[in-house]
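Some notes on the structure that comes next.
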Amino acid sequence: MKLFLLSCLLVSYCCQVGAVNRKYYIGITETVWNYAPGKANAISGQLFAEEEQAEVFLKRGPHRIGSTYKKAIYIQYTNHLYDVIVDKPSWLGFLGPIIKAEVGDSITIHLKNFASRNYTLHPHGVRYTKENEGAFYPDTTKDLQKRDDAVEPGGQYTYTWDVTEDQGPAKADADCITRAYHSHIDAPRDVASGLVGPLIICRKDTMNRDSDQPFEAEFILMFSVVDENLSWYLEDNIRTYCFEPSQVDKDDEDFQESNKMHSINGYMYGYLPNLTMCVEDKIKWHLFGMGNEADIHSAYFHGQTLIERHHRVDTISLFPATFIDAVMVPRSPGEWLLSCQVNDHIEGGMQALFKVEDCKKSIPGHNESTKIRQYFIAAEEIIWNYGPSAVNHFTGQELIVDSESHIFFEQSETRIGGSYKKAIYKEYTDDSFTEHKRRLAEEAHLGLLGPVIKAEVGERIRVTFWNNASRPFSIHPHGVRYRRSEAGARYGSGPAGTESPASHVSPGTTFTYEWDVPEDVGPTEQDPACLTWLYYSAVDAVRDTSSGLVGPLLVCRKGALLSSGKQKNVNMEFFLLATVFDENLSWYLDDNILMFTLSPDKIDKDDEDFQESNKMHSINGYMYGNQPGLEMCKGSVVSWHLMGLGSEVDVHGIYFSENTFVTKGTRRDTANLFPHTGLTAIMKPDSEGVFEVSCLTTDHYTGGMKQNYKVKKCRWWNVDLSMYLHEKIYYIAAVEVEWDYSPNRTWEFERHQYHEESPGNPFLNKDDKFIGSKYKKVVYREYTNQTFSTLKNRAKEQQHLEIQGPLLVSNTGDKIVIVFKNLASRPYSIHAHGVKTDSSVVAVTNPGETKIYVWKIPERSSPERGDSHCIAWAYHSTVDIVKDTYSGLIGTLVVCHRHYLPSFHTKKKVQFALLFMVFDENESWYMDENIKMYSTNPHLVDKEDDRFLESNKMHAINGKVFGNLQGLTMHVGDNVSWYLMGMGNEIDIHTVHFHGHSFDYKQTGVYRADVFDLFPGTSQTVEMTPQNPGTWLLHCHVTDHIHAGMEATYTVLPPN
């Protein structure tokens, strides 16, 4: 212990040489904030009174608050007197002041609370002791170490943080990285009330380079659906702004919706001021998200591209507590749109304008390119069938009778069925638009997507667009350069009453777009040879794309394409668009009702069941295995170009069964997609058969977002030469158990003592009609041998696995033999992601049976060059992948490089596998049994009741809630690998935050963070060498998930 303290003193002394103590005087004050301080939409130019969608959020009324709310915000002062405010940039909105420091510095925050209730200030991305954490939760501390947990009204507290090397930028990070600070008594409510601000952490010696500032401007933006229903000031706001405050029903869904403010730094509908820069300036953007399950953001910078983590992008995905930094060098002058491309958020006003001025700098013109690629594309109206074979190819049943699909395909008095009038892009041979260009056999999979537009760096794309539809449409591209006058999107300040012809092509007319592909929009060194983008109609981006107008666009390196237009070194290329086409938002909904329903006059377009029947969970417009043309040869190089589109529900985990792919230097079998994002994935299939490509988001999977792809043996010499010389045998059974998500509620009640009642009550209280914390479940458990008579005791280091099956660890070249016994009461199986098997069909093991499953670990199951030394795959039952997993059958398989030898002699290697998942017990096989067994009054239970359904959604880490996960213990200096995994549904967006430490993760380069984003089908290895003793919070940063108990603690002990 003495040596440990001495080493700490030495490190502390060394760090102080040349270090700076950066002091900030910050006050918490209550203020009035207007999200849209004007009468008109600054994006469209329309008066708010004429915009039905904007009025939902901005109009005051008897039971509506309007655009102005009381909030609490952080304000910086010049000194300890707190009498002179330090000015901040106007574009920061209600965010607190910018706190900035570099590695080696210390930061001192003198906080004074001028507000009317307790608050704190808690940072991400710096080192702090327990008394400087500023976060309230049960962490075994008391007395002086608790004073930081709450600063009372009128009170003061001084926080001191150190910017240590292990919290600063990692090797692949930018010189300055984005973090944030916020109040953390009840973080969701404190942040919703306004207490959040930016924290920028830089490498040593980068902040004081006066003569060599790398950026002409820096901007910091928070994308958040600020939920004013969660604000501590909701009652105040109702009293102040509603005309009939006593009549307001706070539980009314429409009232709650009106208080969800879709904002950037607290501004909506284009009111974010002063995002101004010059052409050719180097601009740094610090972006982050905050909030809830709705906070899926696709921040799209029109007309420009950026570099983010060494990749070329124009759209950046943000989630609650996602921190991103990106660099832009704007080349195209004009006023450009910055928009969240999630449909609901476009309509909700999450948009701003940024202005690029020429500033008398050289402006790149429309250079005469070496080659022009000409396309003739029309918008045409068609009837589209989402299931042309009329069969669910996964069950063999007709779509109209199958239990999963009939909701979407039934045609009746009040249902449209599976066919809809849509508008799609079609390619023609020339500008006469008399002859369609015939699609080749290898393009059959494209479905309703428009033609694939391709170009290489140095070329120009010319698209002659004919609007052969009945209403105005356009073509608007991602990922290329164009003049502001050729943007296909409608926004901004043209002359009064005028519209750019490019953004509004009338029916029967044509417009020719010209887009350049200069070097600075092309792939970076770390990008694939071709970047995947999309183009779409943007007259009304939500309704146009819902109607069907979208297509793929590839931007490739110079020399990456053959003269035929195909990619070099690629045998097959496929383009997949994953989206829930919401036909309720289509321009043709009324036409479809008249055309396809049997009693159009009986339709209630606001009926939830009717709306659900029109949400078509599709890939390229096909559902339930109806997509043709996904065929390839074993051993061939396949380039998958994956795209996302849609709304808040469009969180996709696109899973390729039995094969893996490489993307961004990492090995995966599941790709996460979000609205307006694209991904290039390279696969070399090594297994023959018919396999599944599907979305692992459970509602999407059952809703039909699943297809088959076929791998054929085209060459007789293509055989697997891998040698599997190391065999590991595991004896695993499926066992039914009583599972308690929350055996002890002490931690929960202490954590939420500021609430009138614990937010855990709706999930854990039994009352009359609810189940409580205990459920019958089925789990994987390891036994000592093939008799399955003796359960293998879990070692201390595996105690944390809880609901998960045993942690299976293997190396490249291993053969894993699973002797599986089904000790449960219904059929199950066991199958792992990423592995190679001899059959494309996973055998079913009936109750009482024992079967052997063999998993091979070839190179393509192992970490890629850009991965950590060990990567994680999920294993689970596949008889019914949704119900089996929710019932409890899931575990982690870790695959390491054969040559990986962890340095055990210098550091202790510690491994933790964590599953972040909302276990939806409503989907469990044992639901009826659980009602009978655990409900006080089973006969009173209504399985369709919303409160009952919600009560059975257990927001768990390894199957435990509210601090009940035990065993996450390590020592200072240990080499800790965390294998993080996400599974589940649309709500399973998990932003995993570690208090007290940052971690490293690899995606080609090494990056540092203290939050990692997980989605259904995601797994990631993050690595940490803990230096900070204490008991620290580990939780999902999504608001509802915090309140629902997705929290645990991990303990760092002094070194052994």
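Just so you know, the sequence shown maps onto residues -19 to -1, 1 to 1037 in mature numbering (1 follows the signal peptide of the UniProt record, and there is no 0). Glycine included, C-beta positions come from ideal geometry on N, C-alpha and C. It should be emphasised that the depicted structure is a prediction, and the values quoted were computed from it without experimental measurement.
Quick one: is residue 527 buried, meaning 16 or more other Cβ sit within 10 Å of its Cβ, or exposed? Counting from one through the sequence shown, the residue named residue 527 turns up at place 546. Residue 527 comes out buried.
Might you give, ordered along the chain, the residues of its own chain that have their beta carbon closer than 8 Å to the beta carbon of residue 1023, omitting 5 neighbours on each side? Against the sequence shown, residue 1023 aligns to sequence position 1042. Closer than 8 Å at Cβ, skipping near neighbours: 168, 169, 1016 and 1017.
Please list, in chain order, all residues of the same chain as residue 966 whose beta carbon is under 8 Å from its beta carbon, the five residues on each side excluded. The residue labelled residue 966 in the question sits at position 985 within the sequence shown. Closer than 8 Å at Cβ, skipping near neighbours: 678, 679, 680, 899, 901 and 997.
Roughly how many angstroms lie between the CA atoms of residue 873 and residue 775, to the nearest whole one? For the purposes of this step, residue 873 is identified with residue 892 of the sequence shown, where counting begins at 1. For the purposes of this step, residue 775 is identified with residue 794 of the sequence shown, where counting begins at 1. Those two C-alpha atoms are separated by around 15 Å.
contact_flag[the segment 984 to 994, the segment 117 to 135] where n(CB pairs < 8 Å) is 3 or more: No, they do not touch.
From what residue to what residue does the alpha helix (DSSP H) around residue 1042 run? Any answer about residue 1042 is impossible in this case: the structure gives the chain only from -19 up to 1037.
Beta-carbon proximity list for residue 1019, same chain, < 7 Å, skipping 5 on both sides: Against the sequence shown, residue 1019 aligns to sequence position 1038. By the criterion of a C-beta distance shorter than 7 Å, residue 1019 is surrounded in its chain by 273, 274, 301, 970, 971 and 972, once the five residues flanking it on both sides are discounted.
Just verifying my parser: in three-state terms, what is the DSSP assignment at residue 194? Within the sequence shown, the letter at position 213 stands for residue 194. Residue 194 falls in the coil class under three-state DSSP.
Specify the secondary structure class of residue 202 as computed by DSSP and reduced to three states. The residue labelled residue 202 in the question sits at position 221 within the sequence shown. Reduced to three states, the DSSP call for residue 202 is strand.
I need the boundaries of the beta strand (DSSP E) containing residue 94, first residue and last residue. Locating residue 94 in the sequence shown gives position 113, where the first residue counts as 1. Secondary structure note for residue 94: its beta strand (DSSP E) is the uninterrupted segment 87 to 94.
Residue 913 and residue 791 closer than 9 Å at C-beta: Working through the sequence shown from its first residue, we reach residue 913 at position 932. Working through the sequence shown from its first residue, we reach residue 791 at position 810. Here residue 913 is not near residue 791, since their CB atoms are 9 Å or more apart.
Mark residue 476 as exposed unless 16 or more other C-beta atoms lie within 10 angstroms of its C-beta, in which case mark it buried. Mapped onto the sequence shown, residue 476 falls at position 495. The predicted model places residue 476 with a pLDDT of 41, which falls under 50 and marks its position as unreliable, so this point remains unresolved.
Is the beta carbon of residue 535 sitting closer than 9 Å to the one on residue 456? Residue numbering aside, residue 535 sits at position 554 when the sequence shown is read from its first letter. Residue numbering aside, residue 456 sits at position 475 when the sequence shown is read from its first letter. Not in contact: residue 535 and residue 456 (Cβ atoms no closer than 9 Å).
Let's see if you can read the secondary structure: which residues bound the beta strand (DSSP E) around residue 266? The residue you call residue 266 lines up with position 285 of the sequence shown. Where residue 266 is concerned, the enclosing beta strand (DSSP E) starts and stops at 264 to 270.
May I ask you to report which of helix, strand or coil DSSP gives residue 906? Residue numbering aside, residue 906 sits at position 925 when the sequence shown is read from its first letter. Coil, per DSSP.
Could you tell me how far apart the beta carbons of residue 282 and residue 249 are, in whole angstroms, since I believe they sit closer than 8 Å? One-based indexing of the sequence shown puts residue 282 at position 301. One-based indexing of the sequence shown puts residue 249 at position 268. Not quite, the Cβ-Cβ distance comes to about 18 Å (not below 8 Å), so this is no contact.
Thinking residue 335 and residue 256 are a contact (beta carbons under 8 Å), I'd like their distance in whole angstroms, please. The residue given as residue 335 occupies position 354 in the sequence shown. The residue given as residue 256 occupies position 275 in the sequence shown. Between residue 256 and residue 335 the Cβ distance is about 4 Å, and since that is below 8 Å, they are a contact.
Have a look at 141, 387 and 398 and flag the residue whose alpha-carbon is nearest the alpha-carbon of residue 364. To locate residue 364, count along the sequence shown from 1; it is residue 383. Minimum Cα distance to residue 364 is reached at 398.
For residue 1044, does the three-state DSSP call read helix, strand or coil? Only positions -19 to 1037 of the chain appear in this structure, which leaves residue 1044 out of reach.
Beta-carbon gap between residue 856 and residue 800 smaller than 9 Å: Here the question's residue 856 lines up with position 875 in the sequence shown. Here the question's residue 800 lines up with position 819 in the sequence shown. Not in contact: residue 856 and residue 800 (Cβ atoms no closer than 9 Å).
To which residues of the same chain is residue 354 closer than 8 Å at the C-beta, ignoring the five residues directly before and after it? As a first step, residue 354 is located in the sequence shown; it is residue number 373 there, counting from the start. These residues qualify, in order along the chain: 434, 435, 436, 440, 441, 442 and 443.
Considering Cα atoms alone, identify which of 818, 798, 860 and 841 is closest to residue 826. Mapped onto the sequence shown, residue 826 falls at position 845. Of the candidates 818, 798, 860 and 841, the one whose C-alpha sits nearest the C-alpha of residue 826 is 860.
Tell me the DSSP bridge mates of residue 553? Residue mapping note: residue 553 aligns to position 572 of the sequence shown, counting from 1. Beta-bridge pairing links residue 553 to 619.
Pairwise C-alpha distance: residue 683 and residue 591: Locating residue 591 in the sequence shown gives position 610, where the first residue counts as 1. Locating residue 683 in the sequence shown gives position 702, where the first residue counts as 1. Going by the C-alpha atoms only, they are around 18 Å apart.
Mapping the DSSP letters down to three states, classify residue 172 as helix, strand or coil. Against the sequence shown, residue 172 aligns to sequence position 191. Three-state result, residue 172: helix.
Where residue 706 sits in the DSSP three-state scheme: Looking up residue 706 in the sequence shown gives position 725. Residue 706: coil per DSSP, three-state reduction.
Can you check the segment 613 to 688 for any beta strand (DSSP E) of at least 3 residues that lies completely inside it and give the ranges in chain order? Entirely contained in the segment 613 to 688, the beta strand (DSSP E) runs reaching 3 residues are, in chain order, 619 to 625, 633 to 637, 642 to 644, 647 to 649, 651 to 654, 659 to 664 and 670 to 676.
For residue 942 and residue 722, which I take to be in contact (beta-carbon distance under 8 Å), what is that distance rounded to the nearest angstrom? Counting from 1 along the sequence shown, the entry for residue 942 is found at position 961. Counting from 1 along the sequence shown, the entry for residue 722 is found at position 741. Contact annotation, residue 942 with residue 722: C-beta distance approximately 5 Å; criterion of less than 8 Å satisfied.
For residue 892, which three-state DSSP category applies? The count along the sequence shown starts at 1 and reaches residue 892 at position 911. Assigned with DSSP and collapsed to three states, residue 892 falls in strand.
Could you spell out the range, first to last residue, of the beta strand (DSSP E) harbouring residue 533? Locating residue 533 in the sequence shown gives position 552, where the first residue counts as 1. Its beta strand (DSSP E) spans residues 531 to 537.
One question on the structure: do residue 93 and residue 7 come within less than 9 Å of each other, judged by their Cβ atoms? What you label residue 93 is simply residue 112 of the sequence shown in a count that begins at 1. What you label residue 7 is simply residue 26 of the sequence shown in a count that begins at 1. The Cβ atoms of residue 93 and residue 7 sit closer than 9 Å to each other.
Going by alpha carbons, who is nearest to residue 813 out of 777, 761 and 771? Taking the sequence shown and counting its residues from 1, the one referred to as residue 813 is at position 832. Nearest C-alpha to residue 813: 761.
Exposure label - residue 766; buried when at least 16 CB within 10 Å: Numbered from 1 along the sequence shown, position 785 holds the residue referred to as residue 766. Burial call: exposed.
At which residues does the beta strand (DSSP E) containing residue 771 begin and terminate? As a first step, residue 771 is located in the sequence shown; it is residue number 790 there, counting from the start. Neither: residue 771 is in no beta strand (DSSP E) and is coded neither H nor E.
Just to confirm my understanding: we take residue 63, look at its own chain, exclude 5 residues before and 5 after, and list those with CB closer than 7 Å. What are they? Counted from its first residue, the sequence shown places residue 63 at position 82. Excluding the 5 residues flanking it on each side, residue 63 has same chain C-beta neighbours closer than 7 Å at 6, 8 and 93, in chain order.
Identified DSSP bridge partners for residue 15: On the sequence shown, position 34 is the one that residue 15 refers to. Its beta-bridge partners are 49.
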